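*Asks:* I'd like to ask some things about the structure below.
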Amino acid sequence: MRSNESMMQAADFRGNEEIHVVAAPRPEPAANEVLLRVASTALCGSDFKLWRGGAEFIAGHEIAGWVEQPGHRLHGKLCAVYIPEHCGSCATCLQGMTQSCLTVSSLIGWNRHGGYAEFLTVPENCLLEVPEDIDETLAPLLLDTIGTSAHALREAARHLRNSSPTVLVMGAGPVGLGVLLAAHALGYGSIDVSEPNTERAELAREFGANIVPTASTEKRYDLIVECSGNHAARDLAIHLVLPAGVIVLVGENAKPWVINEDKVFRRKDFTMTRTFYFPKSEFAENVALLRADRARYARLVDDRFALADLPRKFADFASGKSIKPILSFAGEQ
Ligand SMILES: [Zn+2]
Ligand SMILES: [Zn+2]
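What follows is the structure, encoded as structure tokens:
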């Protein structure tokens with residue numbers, strides 16, 4: 080059901096694991112913004128903190144939608160939403176690192192309204208046009224699942240000295256699985272994955288990974304991509320990384336992490352790097368990754384539902400029942 084012209088349906092994350100679907104004013108685009116009719120928004124584990132603590136703005140940050148602005152060059156086109164607002168003119172933006180703009184640090188779905196709603200407004204320079212062969216169900220994967228994962232690997236490659244590295248991916252949630260698929264595409268050979276959830280581990284195995292126990296210290300690695308955010312996993316990564324190896328931290332954890340600066344930490348000349356999201360310029364490469372492995376990426380989208388079901392489906396997602404469920408507005412027009 081479509082709302083009337085001035086109102087829309089939106090999710091209100093009230094905290095204490097409560098989500099209400101409410102009527103909200105349909106947003107009006109400011110200058111240099113466009114109105115987007117949301118097609119689909121993927122659920123993300125990083126939203127758990129809003130689910131528990133409440134959200135000041137409409138949540139949802141893995142968004143694809145149709146531009147709803149007659150006269151705009153992209154009117155009616157499907158676009159993915161690049162969530163970091165960015166000025167395009169500071170030294171960091173000019174270097175291409177649009178995800179780390181020095182002037183603006185606002186993220187769509189966090190510091191302004193996101194995609195768990197029928198409409199949102201998006202800064203013009205945050206629109207990423209989605210090619211026509213990619214539908215609205217797969218389009219959100221181009222962001223966190225493929226974009227964040229592939230960027231972590233691209234950054235790691237800048238620091239790696241071994242050209243055929245041994246690789247461990249810690250955590251096989253959407254980002255870990257994304258790292259696994261991107262690592263195959265980027266030519267890495269055998270890839271080990273550690274993941275406590277047996278269904279996720281099984282999917283990683285079907286995607287060609289060699290599954291290792293989560294606390295295993297049997298093997299050492301040139302490259303470790305830490306996607307769980309778990310402090311024990313990060314400590315283990317420091318232990319397992321080979322001299323001159325690389326650890327990439329992609330997982331998130333709001334609690335302070337204390338590093339034990341013992342001889343293991345001191346004596347390896349290793350690189351530990353932290354990556355965030357991806358530069359806008361990598362979007363075309365992310366599209367290419369999706370096209371090259373479409374069937375396996377499609378398997379990550381294991382549930383699709385309407386906004387009215389978000390409260391229940393979000394709880395299912397939080398209990399680990401699905402990998403990349405998608406809130407979908409397709410079919411409601
Ligand atoms: Zn996300
Ligand atoms: Zn900037």
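Just so you know, we're using our numbering here: the sequence shown kicks off at 80 and counts up by one. Beta carbons: idealized from backbone N, C-alpha and C, even for Gly. Since we're looking at a predicted model, the values are computed, not measured.
#1: How would you label K359, buried or exposed, when you count the other beta carbons within 10 angstroms and need 16 or more for buried?
#2: Considering only heavy atoms of ligand 1, list every residue whose Cβ is less than 7 Å from one of them, following chain order.
#3: Are D388 and S401 touching if we call contact CB-CB under 7 Å?
#4: Let me check understanding here. Comparing Cα to Cα, which of A409, S228 and M351 lies closest to S319?
#5: Ligand 2 heavy atoms versus the CB of T182: any closer than 6 Å?
#6: Name the two residues that bound the continuous beta strand (DSSP E) containing G144.
#7: Taking 6 Å as the cut-off, is the beta-carbon of C166 closer than that to any non-hydrogen atom of ligand 2?
#8: Relative to ligand 2, is the shortest distance from any of its heavy atoms to the C-beta of C205 smaller than 6 Å?
#9: For Y356, which three-state DSSP category applies?
#10: In three-state terms, what does DSSP make of E84?
#11: Any idea if E164 is buried or exposed, counting beta-carbon neighbours within 10 angstroms, 16 or more meaning buried?
#12: Report the partner residues of D91 according to the DSSP bridge assignment.
#13: Cα-Cα, which of R131, S273, G330 and T182 is closest to T296?
#14: Closest to E141 by C-alpha separation, out of P253, H263, E203 and A316, would be which residue?
#15: According to DSSP, is I137 part of a helix, a strand, or is it coil?
#16: Exposed or buried, T177, counting other C-beta atoms within 10 Å across all chains shown (16 or more means buried)?
#17: Are the beta-carbon atoms of G188 and T224 separated by less than 7 Å?
#18: Go to P390, then tell me how far its beta strand (DSSP E) extends in each direction, as first and last residue.
#19: Assuming S85 contacts R105 (C-beta within less than 8 Å), just tell me the rounded distance between them.
#20: Provide the residue span of the beta strand (DSSP E) that contains P253, from first to last.
#21: Roughly how far, in whole angstroms, is the beta-carbon of V325 from the beta-carbon of A235, given that I think they are within contact range, below 8 Å?
#22: Hey, A118 and F408: beta-carbon distance below 7 Å or not?
#23: Within its chain, find whatever has a CB closer than 8 Å to the CB of E203; leave out the 5 residues flanking it on each side and keep chain order.
#24: Using 6 Å as the cut-off, classify the Cβ of C169 as near or not near the heavy atoms of ligand 2, replying yes or no.
#25: First and last residue of the alpha helix (DSSP H) that includes F344?
#26: Under 7 Å between the Cβ atoms of A371 and A251?
#27: Do the region 300-317 and the region 278-291 make contact, defined as three or more Cβ pairs closer than 8 Å?
#28: From D91 to S185, what does the alpha carbon distance come to, in whole angstroms?
#29: Let me confirm a value: P219 is counted as buried when at least 16 other C-beta atoms fall within 10 Å, else exposed. Which label applies?
#30: May I ask you to report which of helix, strand or coil DSSP gives Q412?
#31: Helix or strand or just coil, what does DSSP make of A288?
#32: Comparing alpha-carbon positions, which option in L369, L181 and R152 lies nearest C166?
#33: Could you name the residues of the same chain whose beta carbon sits closer than 7 Å to that of E211, not counting the 5 residues immediately before and after it, in chain order?
#34: On the premise that C123 lies in contact with V160, defined as a C-beta separation below 8 Å, what is that separation, rounded to the nearest angstrom?
*Replies:* The relevant details are as follows:
#1: buried
#2: C123, S125, H140, E141 and D223
#3: no
#4: In the sequence under discussion, the amino acid at residue 319 is Leu, which differs from the Ser named in the question. The shortest C-alpha separation from L319 is found at M351.
#5: yes
#6: E141 to V146
#7: yes
#8: no
#9: coil
#10: coil
#11: buried
#12: H99
#13: S273
#14: P253
#15: coil
#16: buried
#17: no
#18: P390 -> not in any beta strand (DSSP E); alpha helix (DSSP H) instead, spanning L389 to A397.
#19: 6 Å
#20: Note, P253: premise wrong, no beta strand (DSSP E); alpha helix (DSSP H) at P253 to A264.
#21: 5 Å
#22: yes
#23: N111, E112 and V113
#24: yes
#25: K342 to R345
#26: no
#27: no
#28: 20 Å
#29: buried
#30: Any answer about Q412 is weak, because its pLDDT of 44 lies below 50 and its placement is not dependable; what the coordinates show is given next. Coil at Q412, not helix or strand.
#31: coil
#32: L181
#33: none
#34: Contact flag wrong, Cβ pair sits at about 13 Å.
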